[in-house]
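Note that our numbering gives residue 4 to position 4 of the sequence shown, counting from 1, and the numbers run on in steps of one.
Even for Gly, the Cβ is constructed at its ideal location relative to N, Cα and C.
All of these numbers come straight from a predicted model, not from anything done at the bench.
Down below is the structure, laid out as structure tokens.
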Amino acid sequence: MKNPTSVINQRRNDIIRYLTNDSTINNDQLAKLLNTSPLTIRRDLQYLEEQGIVNRYYGGAKIISLEKEVCSNTNKERIARYAATLIREGDILFINSSSTALMILDYVGDKRIVVVTNNGNILSKQLHHNIEIMLTGGQVKPDKRSMVGEFATHLLQNISASKCFLGVSGIDYNTGISTEIMQETQINKEMISRTKGNVYIVAESYKILKANNFSSGSIEQVSHLITDANIKEIDRHRFEKANVSVNIV
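Here you go:
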């Protein structure tokens, strides 16, 4: 019998295959072909977008060309590398389930820090022994290997972090930060509220002006946005007018 992770991986591979063969196929058609719900398809496509494999639009998605995929990965690496320079010896960090936020730890080196996260993918990383990891525990969402629920938020409520690095599905200078996964919102909100210092949003420019289903915080709670050079100048000015420092890498 296949385990849940192998089933999810197979379904995502099938989605990639269908989208590669037919660029006009939509979410409802994918759901029927794969005998699953449109909600599951949307979650899979969100994951594939975070991995730089697809670009989503209303009702569907398109495969990103190899050239664009390489560019996306490069942008994520630049964002993560810059964010790592902001971390100081002795920091206690909150990092959420974002792949970009987690990538920051690849560039921290041997700094003695504590990382509090709900991101189960951290267990697959080879990090310096100076980096102490605290997992929130809680209900595990196999598709992202993230931990959510009351158990996870209870731990966060008893910790104060010096900095917070969050990846998001969308950020808007009017509506704030958002995600497509309802259970993730409370995690993000707790991390923000329990951070004594700066709250950094790490997001590629294509996520700017996106407003997804579930709000994770207001723009007033964000101190910095770290993004790539494709951000529009007018958007940068509007974020800064909202008192968000924009760091372009």
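If we call anything under 8 Å between Cβ atoms a contact, is residue i one with residue j?
i: residue 167; j: residue 99; result: yes
i: residue 217; j: residue 241; result: no
i: residue 108; j: residue 133; result: no
i: residue 164; j: residue 122; result: no
i: residue 215; j: residue 144; result: no
i: residue 205; j: residue 231; result: yes
i: residue 79; j: residue 202; result: yes
i: residue 113; j: residue 95; result: no
What do you get for residue i, buried or exposed, if any count of 16 or more other CB atoms within 10 angstroms of its CB means buried?
i: residue 37; result: exposed
i: residue 19; result: buried
i: residue 67; result: Residue placement at residue 67 is poorly supported in this model, since its pLDDT is 46, which falls under 50; the coordinates still yield a value, given next. Residue 67 comes out exposed.
i: residue 182; result: exposed
i: residue 185; result: buried
i: residue 57; result: exposed
i: residue 49; result: buried
i: residue 52; result: buried
i: residue 234; result: exposed
i: residue 137; result: exposed
i: residue 23; result: exposed
i: residue 75; result: buried
i: residue 224; result: buried
i: residue 239; result: buried
i: residue 151; result: exposed
i: residue 21; result: exposed
i: residue 105; result: buried
i: residue 212; result: buried
Could you give the residue range of the alpha helix (DSSP H) that holds residue i?
i: residue 129; result: Segment: none, residue 129 is in no alpha helix (DSSP H) and carries neither H nor E.
i: residue 241; result: 233 to 241
i: residue 48; result: 38 to 50
i: residue 153; result: 150 to 156
i: residue 192; result: 182 to 193
Terminal residues of the continuous beta strand (DSSP E) containing residue i?
i: residue 178; result: 176 to 179
i: residue 139; result: 139 to 141
i: residue 62; result: 60 to 63
i: residue 55; result: 54 to 57
i: residue 215; result: 214 to 217
i: residue 251; result: This structure gives no information on residue 251, because the portion of the chain shown stretches from 1 to 249.
i: residue 200; result: 199 to 202
Pull up the distance between the alpha-carbon of residue i and that of residue j, whole angstroms please.
i: residue 244; j: residue 17; result: 40 Å
i: residue 64; j: residue 198; result: 33 Å
i: residue 89; j: residue 117; result: 18 Å
i: residue 45; j: residue 60; result: 9 Å
i: residue 175; j: residue 62; result: 26 Å
i: residue 229; j: residue 32; result: 39 Å
i: residue 127; j: residue 162; result: 20 Å
i: residue 160; j: residue 237; result: 31 Å
i: residue 135; j: residue 81; result: 23 Å
i: residue 119; j: residue 172; result: 24 Å
So residue i and residue j are supposed to be a Cβ contact under 8 Å. How far apart are they, rounded?
i: residue 179; j: residue 208; result: Not a contact, Cβ separation roughly 15 Å.
i: residue 8; j: residue 142; result: 6 Å
i: residue 157; j: residue 194; result: 7 Å
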